[in-house]
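>
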Amino acid sequence: MESRTLRQQIISMRQSFFDEEILDGQFTQLEQLEDRDNPNFVEEVLTLYFRDSTALLATLEQAMETVPIDFPKVDKMLHQLKGSSASVGANKVRNEINKTRELCQETKVEGAKAAFQELRKEHDTLKAKLEPYFHQLRQAGSAESAMRPR
Amino acid sequence: MAVAGEVLLSGSQELHVLAVDDSHVDRKVIEKLLRISSCKVTAVESGSRALQFLGLDGEEGSLGFNGLKVNLIITDYSMPGMTGYELLRKIKQSSAFREIPVVIMSSENILTRIDRCLEEGAEEFLVKPVKLSDVKRLKDCIMRGETEENRGRRFYKRKFEDDSSPPSSESSTPSSPSSPLPLPPLSAAPFACDLVATSEILSSPHSSKRAKLCNSD
Numbered sequence: 011m012e013s014r015t016l017r018q019q020i021i022s023m024r025q026s027f028f029d030e031e032i033l034d035g036q037f038t039q040l041e042q043l044e045d046r047d048n049p050n051f052v053e054e055v056l057t058l059y060f061r062d063s064t065a066l067l068a069t070l071e072q073a074m075e076t077v078p079i080d081f082p083k084v085d086k087m088l089h090q091l092k093g094s095s096a097s098v099g100a101n102k103v104r105n106e107i108n109k110t111r112e113l114c115q116e117t118k119v120e121g122a123k124a125a126f127q128e129l130r131k132e133h134d135t136l137k138a139k140l141e142p143y144f145h146q147l148r149q150a151g152s153a154e155s156a157m158r159p160r
Numbered sequence: 053m054a055v056a057g058e059v060l061l062s063g064s065q066e067l068h069v070l071a072v073d074d075s076h077v078d079r080k081v082i083e084k085l086l087r088i089s090s091c092k093v094t095a096v097e098s099g100s101r102a103l104q105f106l107g108l109d110g111e112e113g114s115l116g117f118n119g120l121k122v123n124l125i126i127t128d129y130s131m132p133g134m135t136g137y138e139l140l141r142k143i144k145q146s147s148a149f150r151e152i153p154v155v156i157m158s159s160e161n162i163l164t165r166i167d168r169c170l171e172e173g174a175e176e177f178l179v180k181p182v183k184l185s186d187v188k189r190l191k192d193c194i195m196r197g198e199t200e201e202n203r204g205r206r207f208y209k210r211k212f213e214d215d216s217s218p219p220s221s222e223s224s225t226p227s228s229p230s231s232p233l234p235l236p237p238l239s240a241a242p243f244a245c246d247l248v249a250t251s252e253i254l255s256s257p258h259s260s261k262r263a264k265l266c267n268s269d
């Protein structure tokens with residue numbers, strides 16, 4: 011009974027990510043790669059992603075505060091962040107990166123700074139939403155394996 | 053003559069792929085994509101590590117650390133230090149490794165970049181993020197021995213053949229009559245490599261590969 015409610019919660023959480031377009035098809039691609047040997051693959055990838063992205067965003071934040079901004083350097087970092095965001099299906103984050111990049115390429119300092127803040131926000135929102143999701147998944151996973159006949 | 057494809061057709065052997073990418077996330081994903089597709093994988097973070105693994109940083113020989121022959125190299129394009137393109141060039145310049153198919157991955161769908169890589173002998177140019185279907189298609193191509201090398205030879209042979217002669221099943225491809233795998237008719241094949249094989253004779257070398265890549269957005 012309990013595990014069914016849990017599963018329902020997981021399903022609706024997951025669906026909301028797609029409905030709100032914070033995740034895209036690439037996330038589904040990752041889900042398809044999970045198997046018995048690697049039941050937490052998606053969580054592992056996202057953990058790796060957030061580890062790198064958080065560090066990169068901190069460096070970017072510093073770079074955006076420097077006067078004058080080293081735009082080529084910033085662009086390079088944004089490109090890197092875009093790559094990994096696309097690889098995990100972080101749709102909104104990727105869109106915000108594109109906006110920020112465009113403004114940087116046009117050297118619109120104030121616009122770029124504002125866009126960067128939006129980017130940070132989307133990133134942190136994604137992280138905040140995925141953490142409980144993966145937590146629930148793990149709970150469901152251990153509940154299921156407990157029920158599985160040995 | 054010994055061709056990578058011939059070795060692979062003995063079903064028990066798995067493809068050994070050397071994956072090169074500086075991004076942790078991408079390395080993890082490509083490794084998984086390849087493992088799921090029943091390939092052995094060695095993932096390294098740079099072109100220089102890749103060359104080290106191949107033994108190209110001094111010694112000759114196509115054996116990696118654990119003695120496994122590399123059947124495919126898949127590399128990111130934009131990497132600090134040595135780019136995927138530079139790695140491709142080094143491999144194609146090496147007598148020991150030039151036969152190994154090299155695939156380039158890039159998050160940027162830039163025509164000149166794609167052309168440059170294909171000109172240099174890249175097997176395929178995949179736009180990131182790479183999907184499971186890309187890897188499966190790639191693997192099928194390699195397993196059937198449909199590599200640049202073989203295509204090159206087949207094209208050459210066809211060019212000088214009579215129009216009246218039948219399509220050569222006795223040509224220099226590994227899909228010999230004794231192979232257990234039936235050759236699908238080229239026109240029906242959904243895979244990029246077969247498309248190129250048929251159209252190569254008629255048009256410029258890379259246009260069909262390019263067309264496929266550009267249309268798949």
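Here the protein sequences come in this chain order: A and B. Everything in the first sequence is counted per the numbering used here, starting at 11 for the first residue and increasing by one. Everything in the second sequence is counted per the numbering used here, starting at 53 for the first residue and increasing by one. Beta carbons are placed, not taken as given, at the ideal position from N, Cα and C, and that holds for glycine.
Between residue 79 (chain B) and residue 66 (chain B), is the Cβ-Cβ spacing less than 9 Å?
Result no, Cβ atoms of residue 79 (chain B) and residue 66 (chain B) do not sit closer than 9 Å.
> For residue 226 (chain B) and residue 41 (chain A), I'd like the C-alpha separation in whole angstroms.
Annotation note: pLDDT 44 at residue 226 (chain B) (below 50); position unreliable, coordinate value reported separately. About 36 Å.
> Alpha carbon to alpha carbon, what distance is there between residue 69 (chain B) and residue 91 (chain B)?
If you take the alpha carbons of residue 91 (chain B) and residue 69 (chain B), they lie about 7 Å apart.
> Please name the residue or residues paired with residue 176 (chain B) in a DSSP beta bridge.
Looking at the DSSP assignment, residue 176 (chain B) forms a beta bridge with B:155.
> Do residue 108 (chain B) and residue 127 (chain B) have their beta-carbon atoms positioned less than 9 Å apart in this structure?
No, they are not a contact pair.
> Against residue 51 (chain A), what residues of chain B qualify as contacts under a CB-to-CB distance less than 8 Å, listed in chain order?
Ordered by position in chain B, the residues that pass the 8 Å Cβ test against residue 51 (chain A) are 84.
> Looking at the strands, I want to know which residues DSSP matches up with residue 69 (chain B).
The partner list for residue 69 (chain B) (beta bridge, DSSP) reads B:93, B:124.
> Residues of the stretch 102 to 119 of chain A in Cβ contact with chain B at a cutoff of 8 Å, in chain order, please.
Listed in sequence order: no entries.
> Closer than 7 Å, Cβ to any Cβ of chain A: which residues of the stretch 68 to 81 of chain B, in chain order?
Residues passing the 7 Å Cβ filter: 75, 76, 77, 78, 80, 81.
> Please classify residue 50 (chain A): does DSSP put it in a helix, a strand, or coil?
Looking at residue 50 (chain A) - three-state DSSP - the assignment turns out to be coil, as it is neither helix nor strand.
> Chain A beta carbons: is any one of them nearer than 9 Å to that of residue 142 (chain B)?
Answer no: the Cβ-Cβ gap between residue 142 (chain B) and chain A never drops below 9 Å.
> At the 9 Å Cβ level, is residue 143 (chain A) part of the contact set with chain B, yes or no?
Not an interface residue.
> Which class does residue 88 (chain B) belong to by DSSP, given the choice of helix, strand or coil?
Correct three-state label for residue 88 (chain B): helix.
> Is it buried or exposed, residue 60 (chain B), if we count other Cβ atoms within 10 angstroms and call 16 or more buried?
Residue confidence is low: residue 60 (chain B) scores 46 on pLDDT, short of 50, so the model does not pin down where it sits. No coordinate-derived value is stated.
> In angstroms with no decimal places, state the Cα-to-Cα distance between residue 129 (chain B) and residue 73 (chain B).
Between residue 129 (chain B) and residue 73 (chain B), the C-alpha separation is close to 8 Å.
> When you compare the CB of residue 178 (chain B) with every CB in chain A, is at least one pair closer than 9 Å?
With 9 Å as the cut-off, residue 178 (chain B) does not count as an interface residue toward chain A.
> Just the Cα atoms here: how many angstroms apart are residue 179 (chain B) and residue 154 (chain A)?
Going from the Cα of residue 179 (chain B) to the Cα of residue 154 (chain A) covers about 37 Å.
> Per the contact definition of three or more C-beta pairs closer than 8 Å, is the stretch 139 to 157 of chain A in contact with the stretch 16 to 28 of chain A?
The stretch 16 to 28 of chain A vs the stretch 139 to 157 of chain A: in contact.
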